[in-house]
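This report concerns only the one structure given below.
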Amino acid sequence: MTTNTLPWTPPAATDVEPLRVGESWDAVRVSPPVGERALALLGDDTGAVIQDAHGTFYWLVAIGSAASWHLRGTRVLCELVDEVTYLGVPPADWHDGPRIHWRVPLGPDRYLTNARLLWEALAAADHAELGPRVEGRQLCFRCQLPTDEPVIVGQEHGGSLGGGIIYACPTHAPDYQRHDPLVLLDALRCGPEAGA
Ligand SMILES: [Zn+2]
Numbered sequence: 005m006t007t008n009t010l011p012w013t014p015p016a017a018t019d020v021e022p023l024r025v026g027e028s029w030d031a032v033r034v035s036p037p038v039g040e041r042a043l044a045l046l047g048d049d050t051g052a053v054i055q056d057a058h059g060t061f062y063w064l065v066a067i068g069s070a071a072s073w074h075l076r077g078t079r080v081l082c083e084l085v086d087e088v089t090y091l092g093v094p095p096a097d098w099h100d101g102p103r104i105h106w107r108v109p110l111g112p113d114r115y116l117t118n119a120r121l122l123w124e125a126l127a128a129a130d131h132a133e134l135g136p137r138v139e140g141r142q143l144c145f146r147c148q149l150p151t152d153e154p155v156i157v158g159q160e161h162g163g164s165l166g167g168g169i170i171y172a173c174p175t176h177a178p179d180y181q182r183h184d185p186l187v188l189l190d191a192l193r194c195g196p197e198a199g200a
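Here's what the structure looks like:
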């Protein structure tokens, strides 16, 4: 297979190239647990996918096709009026991690992902990995920053009747689900309900 049979390839380079989003494609950035599940759900319907050294997934979609999405753990990188966004794109023949690589390589029939199919897979993966959607803004137990995409990760026991609900941002929700006793302790000592 020569590269001229492919619908698109990054510029020939020996290293990661920052490419402007909104020029050939928009990119959908997805946190590792949600992305992993969405990739499995998409099966053969996925287009090419980049995975970076942190495990974050990037799907390429047609320009403007995902601009209005609101999913937890997902960010749509598209051209904005007042901001230029670049995505680091690995050479087409980087197929192995853990460095940034093409998790699903570009191919003659593998490039952009159908935005509707991707949205369905991400919505299902979001619900499966992060549970029911919670409205409003909450404080993440771990980074102590407000998040617009709170995930319920647990409930404080003891103390007042019912206890306080513990929230996390999508990035830190998996930390809690590992039931690391130190994380739990941290949450109880430093959580927003601490001292209440
Ligand atoms: Zn957090």
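All the letters of the sequence shown, read from the start, carry residue numbers 5 to 200 under our numbering.
Ideal Cβ placement from N, Cα and C applies to all residues, glycine included.
Computed from a predicted structure; not experimentally measured.
Ligand 1 heavy atom lying under 7 Å from the CB of residue i
i, result
"L149", "yes"
"C82", "no"
"H176", "yes"
"R146", "yes"
"A172", "yes"
Sheet register partners of residue i (DSSP bridge)
i, result
"W106", "I54"
"I67", "Beta-bridge pairing links I67 to no other residue."
"R146", "In the DSSP output, where bridge partners are listed per residue, R146 has none listed."
"A31", "L64, L81"
"T18", "T18 pairs with nothing; no bridge assigned."
"R141", "Looking at the DSSP assignment, R141 forms no beta bridge with any residue, so it has no partner."
"G111", "R114"
"T151", "Q142"
Identity of the residue in the options nearest residue i by Cα
i, options, result
"Q55", "L134, W106, T117, R141", "W106"
"H99", "V108, E87, V93", "V108"
"G168", "G77, T151, G92, F145", "F145"
"C173", "Q159, P150, P102", "P150"
"T60", "T18, E21, R103, S69", "R103"
"A31", "V65, A57, A96", "V65"
"L84", "V25, P154, Q159, P11", "V25"
"L116", "D48, G101, P136, V138", "D48"
"H176", "E160, L143, Q159", "L143"
"S69", "A42, G101, S28, P14", "S28"
"A44", "A119, R114, Y171, A128", "A128"
"E139", "A96, Y171, V80", "Y171"
"S35", "L75, P94, T13, L91", "L75"
"G92", "V20, P15, D86", "V20"
"Q159", "L122, N118, G111, Y180", "Y180"
"P94", "A16, E153, T9", "A16"
"N118", "I67, Y90, T13, G39", "I67"
"H58", "P37, W73, R41", "P37"
N- and C-terminal bounds of the beta strand (DSSP E) containing residue i
i, result
"L10", "Note, L10: premise wrong, no beta strand (DSSP E); not H, not E."
"E124", "E124 -> not in any beta strand (DSSP E); alpha helix (DSSP H) instead, spanning 119-134."
"E21", "21-24"
"Y171", "169-172"
"L81", "78-81"
"G92", "90-93"
"G158", "155-159"
Boundaries of the alpha helix (DSSP H) in which residue i is found, first to last residue
i, result
"R41", "36-46"
CB contact below 8 Å: residue i versus chain B
i, result
"Q55", "Absent from the structure is chain B; it holds one protein chain and no more."
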